[in-house]
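For reference, the structure is listed below as structure tokens.
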Amino acid sequence: MNAPKPQPPSNIVRVGGGFLVVMVSLVAFVGITMAVADVVDYFQVQNYESAQGTVTKAWVVAARDVSSQEPESRAVADIDYTFDGQAMSVSRLPLGPVGSRQAADETVAEYPAGGVVTLYVDPEDPDDPTIDNDPPLMHASTLGFLIPSLLYFGFFLKWLVPAVLNNRRATLGT
Numbered sequence: 039m040n041a042p043k044p045q046p047p048s049n050i051v052r053v054g055g056g057f058l059v060v061m062v063s064l065v066a067f068v069g070i071t072m073a074v075a076d077v078v079d080y081f082q083v084q085n086y087e088s089a090q091g092t093v094t095k096a097w098v099v100a101a102r103d104v105s106s107q108e109p110e111s112r113a114v115a116d117i118d119y120t121f122d123g124q125a126m127s128v129s130r131l132p133l134g135p136v137g138s139r140q141a142a143d144e145t146v147a148e149y150p151a152g153g154v155v156t157l158y159v160d161p162e163d164p165d166d167p168t169i170d171n172d173p174p175l176m177h178a179s180t181l182g183f184l185i186p187s188l189l190y191f192g193f194f195l196k197w198l199v200p201a202v203l204n205n206r207r208a209t210l211g212t
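Residue numbers (the numbering used here): 39 to 212.
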């Protein structure tokens with residue numbers, strides 16, 4: 039008895055696999071873009087002027103991280119500061135990334151009322167200072183997006199290059 043010939047994979051499987059690779063690669067692209075934006079922001083902040091500020095109040099607010107279904111929190115503060123001899127204040131300045139309630143409470147404890155902080159002020163927009171001057175690659179969120187994104191993007195290229203070359207060879211008839 040003759041065994042049936044094995045059938046090549048259907049176009050549905052090939053299209054579905056390709057769709058998955060493209061979708062995962064888009065997610066990777068977004069992750070890489072976010073990491074690059076973090077790095078650009080960091081270097082922009084390096085050109086800002088520093089100003090001393092006084093915390094008037096720090097507290098925790100509910101926040102929502104789109105990548106998580108869990109309830110999350112963020113530490114914020116009201117801070118008075120002086121820039122170019124002008125008294126200024128900022129309300130609800132984020133003190134760190136969105137995270138757990140416990141992490142936000144710990145961050146608030148680091149900023150007691152009356153405490154002195156260093157703000158980084160863009161001379162072109164002194165009403166919008168930042169308190170974060172850490173290198174972005176030290177942030178777990180940046181690394182959490184960057185590393186998987188680079189792996190996914192590498193996988194996409196590993197899939198894309200042979201697919202394009204095989205298609206080109208088939209078109210040229212070689």
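A virtual CB, placed ideally from N, CA and C, is assigned to each residue, including glycine.
Practice item. Quick one: using the 10 Å Cβ neighbour count with 16 as the cut-off for buried, is S129 buried or exposed? Key: Indexing the sequence shown from 1 puts residue 129 at position 91. Exposed: under 16 other Cβ atoms inside 10 Å.
Practice item. Starting from R112, follow its DSSP beta bridges and name the residues at the other end. Key: As a position in the sequence shown, residue 112 is number 74, starting the count at 1. Paired residue(s): V99.
Check your understanding: Rounded to a whole number of angstroms, what is the C-alpha to C-alpha distance between T156 and D165?
Key -> Your numbering for residue 156 matches position 118 in the sequence shown. Your numbering for residue 165 matches position 127 in the sequence shown. Distance between the alpha carbons of T156 and D165 is about 15 Å.
Review point. Whose C-beta lies closer than 8 Å to the C-beta of V51 among residues of the same chain, with five residues either side of it excluded?
Key: What you label residue 51 is simply residue 13 of the sequence shown in a count that begins at 1. Low local confidence applies: a pLDDT of 45 at V51 is under 50, so the model's placement there is unreliable, with the coordinate-based value given in what follows. Closer than 8 Å at Cβ, skipping near neighbours: no residue.
Review point. Secondary structure at P150, three-state DSSP: helix, strand or coil?
Key: One-based indexing of the sequence shown puts residue 150 at position 112. Here DSSP, grouped into helix, strand and coil, assigns P150 to coil.
**Study point:** S138 (DSSP reduced to helix, strand or coil)
**Key:** Translated into positions along the sequence shown, residue 138 becomes position 100. S138: coil per DSSP, three-state reduction.
Check your understanding: Are the segment 82 to 93 and the segment 102 to 122 in contact at 8 Å, needing three or more beta carbon pairs?
Key -> Between the segment 82 to 93 and the segment 102 to 122 there are three or more C-beta pairs closer than 8 Å, enough to call the two in contact.
Exercise for review: Tell whether a beta-carbon distance below 8 Å holds between A89 and V159.
Suggested key: Position 51 of the sequence shown, counted from the start, is the residue given in the question as residue 89. Position 121 of the sequence shown, counted from the start, is the residue given in the question as residue 159. Going by C-beta atoms, A89 is nearer than 8 Å to V159.
Practice item. For the beta strand (DSSP E) containing L131, list its first residue and its last residue. Key: On the sequence shown, position 93 is the one that residue 131 refers to. Start and end: Q124 to P132.
Practice item. Measure from the alpha carbon of T168 to the alpha carbon of each residue in A73, D79 and L64, then state which is nearest. Key: Here residue 168 refers to the residue found at position 130 of the sequence shown. That would be D79, whose Cα lies nearest to the Cα of T168.
Check your understanding: So P164 is in the beta strand (DSSP E); what residue range does that whole segment cover?
Key -> The residue given as residue 164 occupies position 126 in the sequence shown. Looking at the DSSP string, the run of the beta strand (DSSP E) that includes P164 is D163 to T168.
Review point. W97 to Y149, Cα distance in whole Å?
Key: The residue given as residue 97 occupies position 59 in the sequence shown. The residue given as residue 149 occupies position 111 in the sequence shown. Their Cα atoms are separated by approximately 9 Å.
Practice item. Kindly list the residues whose CB is nearer than 7 Å to the CB of S48, restricted to its own chain and excluding five residues on each side of it in sequence; keep chain order. Key: Residue numbering aside, residue 48 sits at position 10 when the sequence shown is read from its first letter. Note on S48: pLDDT 49, under 50, position unreliable in the model; the coordinate value appears next. Excluding sequence neighbours, S48 sits near nothing in its chain.
Exercise for review: Closer than 7 Å by C-beta to T145: which residues in its own chain qualify, once you throw out the five before and the five after it? Chain order, please.
Suggested key: In the sequence shown, residue 145 corresponds to position 107, counting from 1. For T145, where only same-chain residues beyond five positions count, the Cβ hits under 7 Å are A113, L133 and G134.
Review point. Out of curiosity, what's the CA-to-CA distance linking V200 and V74?
Key: Within the sequence shown, the letter at position 162 stands for residue 200. Within the sequence shown, the letter at position 36 stands for residue 74. According to the sequence as given, residue 200 is Pro; it is not Val. Roughly 28 Å separates the two Cα atoms.
Practice item. With distances taken Cα to Cα, identify the nearest neighbour of R139 among Y190, G192, A100 and F81. Key: Here the question's residue 139 lines up with position 101 in the sequence shown. Nearest of Y190, G192, A100 and F81 to R139, Cα basis: A100.
**Study point:** CA nearest to the CA of P161, picked from G123, V60 and P109
**Key:** Indexing the sequence shown from 1 puts residue 161 at position 123. Answer by Cα proximity: G123.
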